[in-house]
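When we follow the numbering used here, the leftmost residue of the sequence shown carries the number 452, and every step to the right adds one.
Notes for the one structure printed next.
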Amino acid sequence: MDNLLAAGRLSDALPAIQAIRDAGLPVGVAGHRPEVFRWAEDHCHLDFAMCSYYNPIPRHDGPEHRSGCNEAYLPEDRDSMVAQISRLRAPAIHYKVMAAGRNDPRDAFAFVGRHLRPNDAVCVGVFTRDVPDMLARNVALLNQALANTHAC
């Protein structure tokens, strides 16, 4: 969706969105830019939205991630996205919440806990080679953050 946004062609996604809906499947879009979800709120009835906290690389030339690019994980991107998430009708899946390992996990999950709505979810990548119990640690940190915000 980010590449379509950059090209001014978000409406190109509408036939695929309709085909998914016609197949009886849940419809969602993913993106790194709040503008994607503002458009989707006006043009689609989404069952979910997959919202990246960060927009680390431009996607003007193509939708794929390009290794070797200088990535930027800006706090203002995260703030803009959670502001947009708060206005979505559909549940959101929050992702890239750790900024590719750049954020302290405790701080990152505390931020998620303050912005996760009742039907939202969070998607977190793990790399267990160096920290075998990373998944359990992340779950504990998220549970603590949610308890601190009285979200659960």
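Every residue, glycine too, gets a C-beta built ideally from N, C-alpha and C.
The structure displayed is predicted, hence computed values, not measured ones.
Check	Outcome
Short Cβ contact (7 Å threshold) for Ala543 with Ala500	yes
Contained alpha helix (DSSP H) runs [length at least 4] in the stretch 552 to 590, N- to C-terminal order	556 to 566
DSSP beta-bridge partners of Phe499	Gly479
Reference Pro485; option with closest CA among Ser462, Arg538, Pro477 and Cys495	Arg538
Cβ pair Cys520, Tyr546 closer than 7 Å	no
Between the CA atoms of Ser503 and Leu461 - distance to the nearest angstrom	18 Å
Beta-carbon contacts of Ala541 that lie in its chain and below 7 Å, excluding the five residues immediately before and after	Leu497, Asp498, Phe499 and Ala500
Sequence-distant residues of its chain with Cβ nearer than 8 Å to Asn589 (five each side left out)	Pro556, Phe560, Val575 and Val577
Residue(s) in a DSSP beta bridge with Ile544	Met501 and Ala572
Cα-Cα separation, Arg553 to Asp571	23 Å
Secondary structure of Arg484, DSSP reduced to three states	coil
Cβ-based burial, Pro583 [other Cβ within 10 Å; buried from 16]	exposed
Ile536 in three-state terms, based on DSSP	helix
Nearest to Ala534 (by Cα), restricted to the options Leu525, Tyr524, Gln469 and His566	His566
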